[in-house]
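Number of protein chains: 2
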Amino acid sequence: MPRAPSASSRSTGPVTLGMVAQASGVSPSTVSRILNGTAIVSPEKRAAVDRAIAELGFVPNPVARGLAGGRTLSVGVVTQTLDSPFYGVALRGIEDVLDAAGYSALFVSGHWDVAVEKRCIDTLRSRRVDGLIILNGAMGDAELKGLAKDLPVVVTGRTLKATGLIALDFKHFEGARLATQHLIDLGHRDIGHLSGDIEHPDARERLAGYRAALEAAGLPFRPELVETGLYCEEGGRTATERMLAQGLRFSALFAGNDQMAFGAAVALHKRGLRVPTDVSLVGFDDLTLAAHMTPPLTTVHQASFELGLAAARSLMALLADEKPKLTLPEPRLVVRDSTGPAPKR
Amino acid sequence: MPRAPSASSRSTGPVTLGMVAQASGVSPSTVSRILNGTAIVSPEKRAAVDRAIAELGFVPNPVARGLAGGRTLSVGVVTQTLDSPFYGVALRGIEDVLDAAGYSALFVSGHWDVAVEKRCIDTLRSRRVDGLIILNGAMGDAELKGLAKDLPVVVTGRTLKATGLIALDFKHFEGARLATQHLIDLGHRDIGHLSGDIEHPDARERLAGYRAALEAAGLPFRPELVETGLYCEEGGRTATERMLAQGLRFSALFAGNDQMAFGAAVALHKRGLRVPTDVSLVGFDDLTLAAHMTPPLTTVHQASFELGLAAARSLMALLADEKPKLTLPEPRLVVRDSTGPAPKR
DNA sequence: TTGTAGGCGTTATCAG
DNA sequence: CTGATAACGCCTACAA
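Protein sequence lines, in the order shown, are assigned to chains A and B. The opening position of the first sequence corresponds to residue 1 in my numbering, with each subsequent residue numbered one higher. The opening position of the second sequence corresponds to residue 346 in my numbering, with each subsequent residue numbered one higher.
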C-alpha cells in the first residue's frame, strides 16, 4: 500500500475527489457527503471510501471547496503590525485555535491607518474569508457593525454590541488601578504617569485607573505628573525626559505600557537615576522581555495569548451560529525588581 | 454613478466577470484577457470594459481564479514563531513586497519542529500557494530541494543551490568577527562568548568568527570562556550564571544574539556587575529593543527587514521565471553604550 | 482580434 | 440513502 500522501499523489498530479469516488465505486456526491458529514451513508460505502482516501492520499482542495461551497475555511486577521511584541503573542493563540479547527489564517497589517485597514479588509473579503478577527482596529464602530452584517467579526480593544459581532477587551482601568495601588502601598506619594496617546481608548482607561487609585488613597491628582507619548520605547523615553527636564519630583513612574517603561528606564539611567533605588517603575502588558529587563520589570500582566485564543474561539463559535461570550482573564500585577519602597524624604 | 465598490456590490451579491462582460457588451474571455493582459484587445472594447469594471466595482475572485488558472496569487511563509522579535520584522518586509505585487501571504509557524513544519507545508500546498518562503526552516536540504522541484521556494538561513530554489543568508562569521574585534580594540583580552545552540549553523559560524578574531589578534581561544545556551533571554542568563559560578574572569562578553545579551545583562546585574564598567557586552541582531535596553546595547546589525524584502522579491522573480540572486546588506557593528574600555588589571 | 465551449474540484439540488 | 446534474467564477484552448 502506498505510503506518504505527498509522495503518492505527485506521480499523476493531485488526487481529486472524483478519483476517490471512482476508486471506491461510488458517486462523487457520496464521497463529498462522507467528507462533510452532510448525510448518512451506508457503513460499507463509507469504509470503501475511507480506504480509497487513505490509499490515494487524497486531500480535499480548499480552493475548489471555496468556490463551490462558499466556505474557504480561512479567516482574516487584521493587526496593526505583525511584529508587535504584544499582539504577536495573540497571533500565536489565534493560530493554535484555527489550526486545530482546520482553518487557515490570513494575517494582514493595517499600520494604524484606517484607509490601509479598509483596503486590507477588502482584500480579505475578495479572498472570501469566512470571518474576520480585528485586533484593535482603527475604524469606527459603525463601520464595524456594517461589516458584521456581512461577515462574522471578532474585535478586540473595544466594547461593542451587534449581531454577528463579538467584542473582547481587557480591563485596563482595573489594571492601572492595581499598578498605582502597588506604588502607593510601597509608600510612594509622588507618582508620575506616562500615558499612551489619549486617542487610544485603553490609554484613557489606564489614566482613569491611575487617577482613581490616587484619589482613593487621598492623594491629589496632579496633571503635571502625567506626560503623554506614543506607546513605544521612544515615547516613554521622551516623555520621561520631559518630566525630568521640568525638574519635577517623583519617586515612582507608572508607564502606560512596557515599551514605554523600557524607554523610561533608559532616560532615567542617562540621568544617573537608579531603578528602583531612586525611582520605582511599573509597566503594563507583561511582555516576554519585561522579565528580562534590568532590573526585571514590575508590570500588569495582560493575557495576550489567551486573548488570541478567545478571539479565535469566539469566531469559531460565530461561524457555528453560537454566541458564547468568552471572557478574558483579569489583569494581574506581577511584582518584580523595578519597584521598591519610596525613599525617605 | 455608483461609488464605493463594497457598497454597490452588496446589493446583488458580488459582481462577477460575467456581469462586467454583459454590461460592456463583450464576451467574458475578452474581459479576462484585459484583466490578465493575455492578449491584445481593441481600444474601444478595453475602454468599455474598464468603465464597466469601475462602475460595477468589480473585483476578481481569487478563489475562482485559483481553481481555473492554477494560480492563487498567494504564497506560503513558514516561520518558527510568528512572534519572533527578529523574524517579525522580516515578515513585515515580506508583506510589503507581496502586497504591492497583489499577492497575499499565508503565515504559518513550524515551532522548530520538523514534523510540524512539514504539516504546515502540506497545508500550504493543499491551499495551492504559488510559492513558499521558508525562514530558517528545520527540515533537511534534500527535502527542500525536492520541494523546489514542485514549487518555487526561497529559504533563508542556509546556503543551497538547486533549481527553483533561492537561498539567502547573512554573513554570521563576519558579523561575529566584527563584534569580537571591537572588544579587542577596546583592550579586552578575556572575552567570553555566549553561543547559541551548536545545532544552528549560524551559531557555529558566529563561534568561528569569534575565534578567528581572537586568533588574528594573537589571543588564545579558551574553550572554557564559551558557554552554550538557547537563543533566548533565559539561555543567555543561565549561560552567564554558569560562567560566573565557575569563577571565570572576563571583562567582556559577546552574546550569540541580542536576546541572550539581555539575559546576560540580568545575570550580571544580579551579581552586582555593571555594564560596561565591569563587563562590556555585545549582542547580535540589533533588535528594536537593543537600542532601548539599559544601557543601550552595542550589537551587530542584521538587516532583517531587508531580508524579508529580498526573500519576497526573490520569490516574485522565481514566479516570473527570472533568477536575480539578490544580495543582503553586510553585517554592521552598531556601537552603543554597553561596551567600554577594558578595566586596567 | 474576438467569441464559444469546456473544464478546474467541490458542493448543492434534485430526483429516485 | 444515493446518484445525476447543475452551478461556483474564471481561464484557456479552439474556432471564427
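Backbone N, C-alpha and C fix where the C-beta goes; we use that ideal spot for every residue, glycine too.
With 7 Å as the threshold, decide whether the Cβ of histidine 637 (chain B) is near any Cβ in chain A.
Judged by the 7 Å Cβ criterion, histidine 637 (chain B) is in contact with chain A.
Taking the Cβ atom as the reference point for each residue, do arginine 177 (chain A) and valine 408 (chain B) lie within a distance shorter than 7 Å?
Contact flag unset, no.
Flag this pair as touching only if the region 479-497 of chain B and the region 548-567 of chain B have three or more C-beta atom pairs under 8 Å; answer yes or no.
Touching, no, given that fewer than three Cβ pairs across the two stretches are closer than 8 Å.
Does any residue of chain B bring its CB to less than 7 Å from the CB of glutamate 233 (chain A)?
Yes - at least one Cβ of chain B is within 7 Å of the one on glutamate 233 (chain A).
Excluding five sequence neighbours on each side, which residues of the same chain lie with their C-beta closer than 6 Å to the C-beta of proline 571 (chain B)?
At residue 571 (chain B) the sequence reads valine, which differs from the proline that was named. Contacts found: His538 and Ser540.
Return the first residue and the last residue of the alpha helix (DSSP H) that phenylalanine 607 (chain B) is part of.
Residues 603-615.
Compare the C-beta of alanine 303 (chain A) against all C-beta atoms of chain B and say whether one is closer than 7 Å.
Between alanine 303 (chain A) and chain B, the shortest Cβ-Cβ separation is not below 7 Å.
If contacts are defined as beta-carbon pairs under 8 Å, then valine 420 (chain B) and alanine 450 (chain B) qualify, I think. What distance do you get, rounded to the angstrom?
Sure, about 6 Å apart at Cβ, within 8 Å.
Neighbourhood of leucine 309 (chain A) by C-beta distance below 6 Å, restricted to the same chain and skipping five residues each side:
So the list reads Gly93 and Val97, once near-sequence residues are dropped.
Using a Cβ-Cβ distance under 7 Å, would arginine 242 (chain A) count as near chain B?
So no, arginine 242 (chain A) is outside the interface.
Assuming glutamate 560 (chain B) is part of the alpha helix (DSSP H), what are its boundary residues?
Element bounds for glutamate 560 (chain B): 546-561.
Under 7 Å, Cβ to Cβ, is there at least one residue of chain A near proline 407 (chain B)?
Chain A, which has a Cβ nearer than 7 Å to the Cβ of proline 407 (chain B), makes this yes.
Can you find a C-beta in chain A that's less than 7 Å from the C-beta of alanine 610 (chain B)?
Interface annotation, alanine 610 (chain B): in contact with chain A, CB-CB separation under 7 Å.
Would you list, in sequence order, the uninterrupted alpha helix (DSSP H) runs of no fewer than 4 residues that lie entirely inside the region 263-331 of chain A?
The qualifying runs are 304-319.
Would glutamate 117 (chain A) pass as a contact of alanine 142 (chain A) if the rule is Cβ separation under 7 Å?
With respect to alanine 142 (chain A), glutamate 117 (chain A) sits apart: the two C-beta atoms are not nearer than 7 Å.
Can you tell me which of A:Leu17, A:Arg336, A:Thr163 and A:Lys323 puts its alpha carbon nearest to the alpha carbon of leucine 297 (chain A)?
If we check each option's Cα against that of leucine 297 (chain A), A:Arg336 comes out closest.
Going along the chain, which residues of its own chain have a beta-carbon closer than 7 Å to the beta-carbon of proline 350 (chain B), five neighbours each way excluded?
Caution applies to proline 350 (chain B), whose pLDDT of 38 falls short of 50 and renders its modelled position unreliable; the value that the coordinates give is listed next. The beta carbon of proline 350 (chain B) sits closer than 7 Å to the beta carbons of Gly402 and Val404 from its chain, once the five residues preceding and following it are set aside; these are given in chain order.
What number of angstroms, rounded off, separates the C-alpha of glutamate 550 (chain B) from the C-alpha of valine 611 (chain B)?
When rounded, the distance between both Cα atoms is 26 Å.
With a 10 Å radius around its C-beta and 16 neighbouring C-beta atoms as the bar for buried, classify aspartate 597 (chain B) as buried or exposed.
One point to set straight first is that residue 597 (chain B) is alanine, not aspartate, in the sequence displayed. For alanine 597 (chain B), the number of other beta carbons within 10 angstroms of its own is at least 16, and it is reported as buried.
What separation, rounded to the nearest whole angstrom, lies between the Cα atoms of glycine 110 (chain A) and glycine 433 (chain B)?
The alpha-carbon atoms of glycine 110 (chain A) and glycine 433 (chain B) are separated by roughly 15 Å.
Contacts of proline 640 (chain B) in chain A (Cβ-Cβ under 7 Å):
The answer, in chain order, is His269.
6 Å CB neighbourhood of arginine 51 (chain A) in its chain, flanking five on each side removed
For arginine 51 (chain A), where only same-chain residues beyond five positions count, there are no Cβ hits under 6 Å.
Got a sec, what are the start and stop residues for the beta strand (DSSP E) histidine 172 (chain A) sits in?
Element bounds for histidine 172 (chain A): not the beta strand (DSSP E) but the alpha helix (DSSP H), 172-185.
Hey, out of A:Pro341, A:Gly25, A:Ser27 and A:Pro14, whose CA is closest to leucine 186 (chain A)'s CA?
Comparing Cα-Cα distances from leucine 186 (chain A) to each of A:Pro341, A:Gly25, A:Ser27 and A:Pro14, the minimum goes to A:Pro341.
Strictly under 7 Å for the Cβ-Cβ distance: is serine 126 (chain A) near chain B by that measure?
At a cut-off of 7 Å between beta-carbon atoms, serine 126 (chain A) makes contact with chain B.
If you reduce the DSSP assignment to three classes, tell me which class glycine 76 (chain A) lands in.
Strand at glycine 76 (chain A).
When the Cα atoms are used, what is the spatial distance from alanine 662 (chain B) to proline 331 (chain A)?
Computed Cα separation, rounded: 48 Å.
Hey, lysine 390 (chain B) and valine 365 (chain B): beta-carbon distance below 7 Å or not?
Remark: C-beta atoms of lysine 390 (chain B) and valine 365 (chain B) do not approach each other more closely than 7 Å.
Quick check on the burial criterion: 16 or more other C-beta atoms within 10 angstroms. Buried or exposed for asparagine 381 (chain B)?
By the 10 Å Cβ count, asparagine 381 (chain B) comes out exposed.
List the DSSP bridge partners of glutamate 227 (chain A).
In the DSSP output, where bridge partners are listed per residue, glutamate 227 (chain A) has A:Leu194.
DSSP three-state label for serine 454 (chain B), please.
Residue state for serine 454 (chain B) is assigned as strand, using DSSP reduced to three classes.
Does any residue of chain B bring its CB to less than 7 Å from the CB of arginine 336 (chain A)?
Judged by the 7 Å Cβ criterion, arginine 336 (chain A) is not in contact with chain B.
Identify which residue in A:Val108, A:Trp112 and A:Leu268 has its Cα closest to the Cα of glutamate 199 (chain A).
For the options A:Val108, A:Trp112 and A:Leu268, the alpha carbon positioned closest to that of glutamate 199 (chain A) is the one of A:Trp112.
For valine 620 (chain B), I'd like the list of residues in its chain whose CB is within less than 7 Å of its CB, leaving aside the five on either flank, ordered along the chain.
Cβ within range, chain order: Ala610, Leu613, Leu626, Pro640 and Ser683.
Interface partners of valine 434 (chain B) on chain A, CB under 8 Å:
Within chain A, the residues near valine 434 (chain B) are Asp83.
What is the DSSP secondary structure of serine 104 (chain A), counted as helix, strand or coil?
Serine 104 (chain A) falls in the strand class under three-state DSSP.
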